[in-house]
């Protein structure tokens, strides 16, 4: 018993040390990401862009992809993820803010949720956080690194030096999507120059571009690695979004499913409205939301809810298959 407690304390100490290191290294990761993304953009437009067969067509498309990549990263880093104690965010009036569809026909429902006759919207249950004492609604979790409760908490990302939550999760997913698109285009369109840089084409002419040869080689290899790695992350996030979950809830729901199965019951995620509807609500598109072109331009939009109410399956006010008091707490799932 003494040995097991000692081991547990050691792991807890290492866990807290890891949290401190992750929090302290956040600004370094952001700076490194800015340098690498900027260098990759410069390499593409200096080396690859001039070699495109139809620059009048490919140029604007490449500029749009690069613009989305840079702006979504800026927004995911600078947008407050949504802390429980903060007031609900409101739409701004800058040029980056999109205008909702049918704005004049919308009226608020409960705490900031837009009215829709197609949605079964229920107010979130409140629980008290064991770590900070805040009253937090469903889908909120306490971040050990930020030491605050975050609405619709997904995870803490060192690469953006903050949490991914209700208000910046859309920018996070779109940043990953455009990062995959841009690195894929870099690798597919820039491989002839990569072979030139390695000296495999037996060209005697000197390197004709402004960026150094070594810089291009490093960025090309890094693009291939990122396209593969981030592609896996993006696929996982889109899968969880399509099933009405966050990363934390995906792990929790596996536990709930096993618990319900042991009782001979079936677990049903009350937030899962079907893949199509879940994606529409996540990106807040379609009826009652924003136009679909907001996926093609880096506009800022508000989520369909302020995190205090949630759309659920018709007839459900909570998950089916788990009983009151069986929900995992931050002590257990973080």
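In the working numbering, the protein residues as written are -18 to 315. Just so you know, even glycine gets a beta-carbon here, dropped at the ideal spot from N, CA and C.
Best match in the options for proximity to residue i [C-alpha to C-alpha]
i	options	result
residue 77	158, 52 and 118	52
residue 274	28, 246 and 49	49
residue 7	111, 23, 28 and 137	137
residue 233	243, 165, 259 and 248	248
residue 211	229, 158 and 195	158
residue 208	278, 161 and 37	161
residue 167	134, 204, 255 and 153	204
residue 106	121, 113 and 114	121
residue 81	13, 265, 215 and 219	265
residue 285	23, 100 and 307	100
residue 25	40, 111 and 12	40
Interface flag, residue i vs chain C, CB-CB below 8 Å
i	result
residue 140	The structure shown contains no chain C, having only a single protein chain.
Counted within 10 angstroms of its Cβ, other Cβ atoms place residue i as buried (16 or more) or exposed
i	result
residue 245	exposed
residue 88	For residue 88, the predicted structure reports a pLDDT of 46, less than 50, and the residue's modelled location is therefore unreliable. A value from the coordinates is still provided. Its Cβ having fewer than 16 others within 10 Å, residue 88 is exposed.
residue 252	buried
residue 86	Caution applies to residue 86, whose pLDDT of 46 falls short of 50 and renders its modelled position unreliable; the model cannot decide the point.
residue 119	buried
residue 183	exposed
residue 171	buried
residue 79	buried
residue 293	buried
residue 271	buried
residue 31	exposed
Expected contact under 8 Å - CB spacing of residue i and residue j to nearest Å
i	j	result
residue 289	residue 104	7 Å
residue 28	residue 197	6 Å
residue 148	residue 61	6 Å
residue 58	residue 142	7 Å
residue 243	residue 300	That pair is no contact at about 16 Å.
residue 316	residue 155	In this structure the chain extends from -18 to 315, so residue 316 is not present and cannot be described.
Contact test: residue i Cβ vs the ligand COA heavy atom, cutoff 7 Å
i	result
residue 249	Within the structure as shown, the ligand COA is missing, as the structure has no ligands at all.
Limits of the unbroken beta strand (DSSP E) element including residue i
i	result
residue 110	Unbroken run through residue 110: none, as it is neither H nor E.
residue 117	116 to 118
residue 232	Run containing residue 232: none in the beta strand (DSSP E); it sits in the alpha helix (DSSP H), 228 to 243.
For residue i, the first and last residue of its enclosing alpha helix (DSSP H)
i	result
residue 124	Where residue 124 is concerned, there is no enclosing alpha helix (DSSP H), although the beta strand (DSSP E) it sits in stretches over 122 to 124.
residue 158	150 to 179
Can you list, in chain order, the stretches of the beta strand (DSSP E) that have 3 or more residues and sit fully within the segment 2 to 37? Qualifying beta strand (DSSP E) stretches: none in this window.
Unbroken beta strand (DSSP E) runs of length 3 or more, entirely within the segment 240 to 298: which are they? Those beta strand (DSSP E) runs which fall completely within the segment 240 to 298 and span 3+ residues are 290 to 293.
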